[in-house]
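Numbering (this note's numbering), first residue to last: 63 to 349.
We treat Cβ as the ideally placed atom computed from N, Cα and C, and that holds for glycine.
Read through the structure below, which is laid out as structure tokens, and then see the notes.
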């Protein structure tokens, strides 16, 4: 039996966003935002049931609300579309402004946190976990407001460090990545909630309908990545061809100028590496 991983966003949402699994999500979120959470409510989303497997990559996110009113959006993103910061601000803005209705006072707007779990390296930072706020340009300790908080966690950067988990957050990250079997076994024994999450993963792996959805999702993402890679390769080849053509045109123009100046044809051939037969054709064009 092929073992599914929590990085598959359908599986991720089933483990962390299903009714009855609030304790799993609560333990995970507490490790990321490092704040105590008393109660958590997961927003119901019917996208999984609609099987929109070929929709925008990463659309299967989780929206949750804490007991203090704070809103949290969690997304597992496995494809680098080179637009994470813009996309994150867009979805953060929609969630933030949606916390009040038209005509209600602005003070009703709730703190909104987005957590982006990336299965690729994105930022030129040493740390695998970066947290972003709005700060003053020169006095970095001056924060404009606490209503915006954005987290990026780069799983590949974390895994590459090959470090032993130093806290609950790093235990969860080993579980989410699921590529280091020994580490997964260790964190399961250390954290009972992760053990429960792993039991849910094993159940989903054996559940044929969910397994099929997850496999189709993986296949679509692989095809999407291959399509992007193909487009890039084609673009690079076309770019090289265009570059060669432009270079050839420039070379011919230079040769024409040398002919007009009366430069000896042997010197032209030696400098430009052009063959004598082609030089004769260019001379006819110059007249």
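Asked                                                                                                                                                        : Found
Which of the three DSSP states is assigned to residue 117 in this structure?                                                                                 : Residue placement at residue 117 is flagged as unreliable, the pLDDT there being 48, under the threshold of 50; the coordinate-derived value follows with that caveat. Correct three-state label for residue 117: coil.
Between the Cα of residue 87 and the Cα atoms of 95, 307 and 78, which residue gives the shortest distance?                                                  : 78
Assuming residue 241 and residue 256 form a contact by the criterion Cβ under 8 Å, report the distance between their Cβ atoms to the nearest whole angstrom. : Not quite, the Cβ-Cβ distance comes to about 15 Å (not below 8 Å), so this is no contact.
So is residue 279 buried or exposed if we call it buried at 16+ other beta carbons inside 10 Å?                                                              : buried
Quick check: what's the CA-CA separation for residue 227 versus residue 190?                                                                                 : 13 Å
By DSSP, does residue 73 sit in helix, in strand, or in coil?                                                                                                : helix
Quick one: what's got a C-beta closer than 7 Å to residue 118's C-beta in the same chain, skipping five residues either side?                                : For residue 118, the pLDDT reaches just 47, beneath the cut-off of 50, and the residue's location in the model is therefore unreliable, although a value from the coordinates is still provided. Taken in chain order, the list of residues that qualify is empty.
Please list the terminal residues of the continuous alpha helix (DSSP H) segment that includes residue 90.                                                   : 84 to 95
What residues in its chain sit with their C-beta under 7 Å from that of residue 95, if we drop five residues either side in the sequence?                    : 175
Just to confirm the assignment, what range does the beta strand (DSSP E) spanning residue 210 have?                                                          : 205 to 216
Taking DSSP's pairing of strands, which residues face residue 6 in a bridge?                                                                                 : The shown model of the chain, from 63 to 349, leaves out residue 6, and the question about it has no answer.
Going by alpha carbons, who is nearest to residue 68 out of 316, 215, 310 and 234?                                                                           : 234
Since residue 91 contacts residue 179 with CB under 8 Å, what's their CB separation in whole angstroms?                                                      : So it is not a contact: roughly 12 Å between Cβ atoms.
Identify which residue in 75, 182 and 204 has its Cα closest to the Cα of residue 214.                                                                       : 182
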